[in-house]
Amino acid sequence: MVVKVGIPSTLLYYTYYPFWKAFFNEIGVQVVTSGKTNKSILDSGVKEALADACVPVKLFFGHVMEIREKVDCLFIPRVVCLNRKTVFCPKFLGLPDMIRYSVNNIPPIIDVRMDTRQGPMSLFRAYLKIGEYLGAGKLTASYAYCKASNILNTYNSLLRKGLNPVEAIDYLENPNGKLFEHHVKTKTNLRFAVLGYPYAIYDSFINVNILDSLRKLGVSVVTAENIHPLLLAVQKNCGLPKRLFWTFSDMALKAAHLIFRQGNVDGVLHLTAFGCGPDSILNKFIEFEAKQHRNIPFMTLMIDEHTGEAGMFTRLEAFVDMVRRRKEMSACPR
Ligand code: SF4
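This is how it looks when you write it as structure tokens:
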């Protein structure tokens, strides 16, 4: 019987799912995901998680509840550091324990530690360990790791071409090209940068469809995921003498620095998550950067489990109207 591994479709899903899926399939394991967030996933996450957890972690609980009974084991790696420079937020590090000790009837959890500060081959070794746990030999797991790395490269190059993770995952699973053509042909006359964590920006349920709403308002969107990581890596930290400790916060801050300096967007939005500790620092630094570039309008939007579509759309519409009027006025001859 084929072993089924459950992957919650949130948090690192938006960054590494194509790699994980390719790796598990190659070692003969079936991957089951929890699918798109919906009200019942959100409600069960809010009910199950600690009250003071951030919204994305509450959602993670909901996604785990959604698949716990459909799989033989859950894949919740303890991801500490993947670039030898920054670490993931402490909530990521504690995820396997939080789930294990707070949710009932949980299948075994694959919680291998991933920390590239332990040596150049540490990530590879972590995947060999996962392969061994699931009964795959070293050779099979090594081949699966290489194949998954290639898929991840393809996925990342789709993101650089302007697709968002949901579109890129769809494209990899149904490579008929239709989605990409549609994406390229979307007509827009404003361009915004949307900054924030991938699991907030690309989860259309929790952010009440912010990307679609912007598209409907005639705005194309650029995010940190569309920028080459090497370009981000050389950016300064918005005036800070050192980088932020947390991986996604550091990436968002560097993207803010680059986007404001390049000045080729009409507006910048920062999507923050209620209950997020790192965001309380990150948002302040992005605000400081925005104040130095007053020619680019900036707005912060906070999401929580009660965010309503109408309220969010009204704020977006008002912001887009203001940016559009400003742009038209500056184009008028005096
Ligand atoms: S970075 Fe913020 S939103 Fe993300 S898991 Fe940590 S506390 Fe939650």
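Position 75 of the sequence shown, counting from 1, maps to 66 under this note's numbering, and the rest follow consecutively. Think of the CB as a built atom: it goes at the ideal place given N, C-alpha and C, for glycine as much as any other residue.
Best match in the options for proximity to residue i [C-alpha to C-alpha]
| i | options | result |
| --- | --- | --- |
| Y8 | M89, T145, V48 | T145 |
| A246 | V256, L186, L292 | L186 |
| K282 | D295, F304, H248 | H248 |
| T298 | S195, S240, M105, T238 | S195 |
| T77 | M320, D241, G268 | D241 |
| P111 | L222, Y136, L73 | L73 |
| E330 | V23, P156, Y136, R104 | A question about residue 330 goes unanswered here, because the residues of the chain that appear run from -8 up to 325. |
| V212 | N255, G230, Q226, I18 | N255 |
| D34 | V199, L50, L244, E123 | L50 |
| G19 | V(-6), K27, L3, S25 | V(-6) |
| L3 | S113, A301, T238 | T238 |
| G16 | N286, C137, K61, A117 | The sequence given here has Asn at residue 16, not Gly. Nearest option by C-alpha distance: C137. |
| F14 | F83, K82, L130 | L130 |
| L205 | M303, K318, P288, G53 | M303 |
| K82 | P269, R317, K318 | P269 |
| N180 | R316, G36, E39 | R316 |
| L143 | E158, K12, C45 | K12 |
Heavy atom of the ligand SF4 within 7 Å of residue i beta-carbon
| i | result |
| --- | --- |
| C45 | yes |
| Y4 | no |
| V23 | no |
| Y188 | yes |
| K245 | no |
| C80 | yes |
| F83 | yes |
| G268 | yes |
| V70 | no |
| V20 | no |
| V62 | no |
| A264 | yes |
| V48 | yes |
Collapsed DSSP secondary structure at residue i in the structure displayed
| i | result |
| --- | --- |
| S211 | strand |
| L259 | The amino acid at residue 259 is misidentified as Leu; the sequence shows Val. The answer is strand: DSSP assigns V259 an E or B state. |
| L3 | coil |
| F66 | strand |
| T339 | The chain is shown from -8 up to 325; residue 339 falls before or after that span and cannot be answered. |
| H173 | For H173, the predicted structure reports a pLDDT of 46, less than 50, and the residue's modelled location is therefore unreliable. The matter cannot be settled from this model. |
| T364 | Only positions -8 to 325 of the chain appear in this structure, which leaves residue 364 out of reach. |
| G85 | helix |
| D43 | coil |
| A246 | helix |
| D106 | strand |
| T238 | helix |
| A159 | helix |
| A127 | coil |
| N147 | helix |
| V23 | strand |
| R59 | coil |
| I201 | helix |
| L231 | strand |
| M(-8) | coil |
| E308 | helix |
| C72 | strand |
| V225 | coil |
Whole-angstrom distance between residue j and residue i, CA atom to CA atom
| i | j | result |
| --- | --- | --- |
| F66 | I(-2) | 6 Å |
| L262 | C323 | 32 Å |
| L208 | I160 | 25 Å |
| F310 | S133 | 50 Å |
| K30 | S140 | 34 Å |
| S0 | M320 | 44 Å |
| P166 | V62 | 27 Å |
| T24 | A243 | 27 Å |
| D295 | L154 | 25 Å |
| D43 | G128 | 42 Å |
| Y190 | C267 | 13 Å |
| H173 | Q109 | Since pLDDT at H173 reaches only 46, below the 50 mark, its modelled position is unreliable, and no value is offered. |
| V327 | F10 | Lying before the first or after the last residue shown, residue 327 is absent from the chain, which here runs from -8 to 325. |
| E60 | I101 | 16 Å |
| G85 | R69 | 7 Å |
| R234 | R182 | 27 Å |
| K27 | I192 | 14 Å |
| L260 | L125 | 43 Å |
| M56 | R91 | 12 Å |
| D257 | D312 | 12 Å |
| M290 | L149 | 28 Å |
| H219 | V210 | 22 Å |
| F236 | F79 | 8 Å |
Proximity test, Cβ basis, 8 Å: residue i and chain D
| i | result |
| --- | --- |
| A127 | Annotation note: the requested chain D is absent from the structure, which comprises a single protein chain. |
Residue i Cβ short of 7 Å to the ligand HEM heavy atom set
| i | result |
| --- | --- |
| F239 | The ligand content of the structure shown is limited to the ligand SF4, which means the ligand HEM is not among them. |
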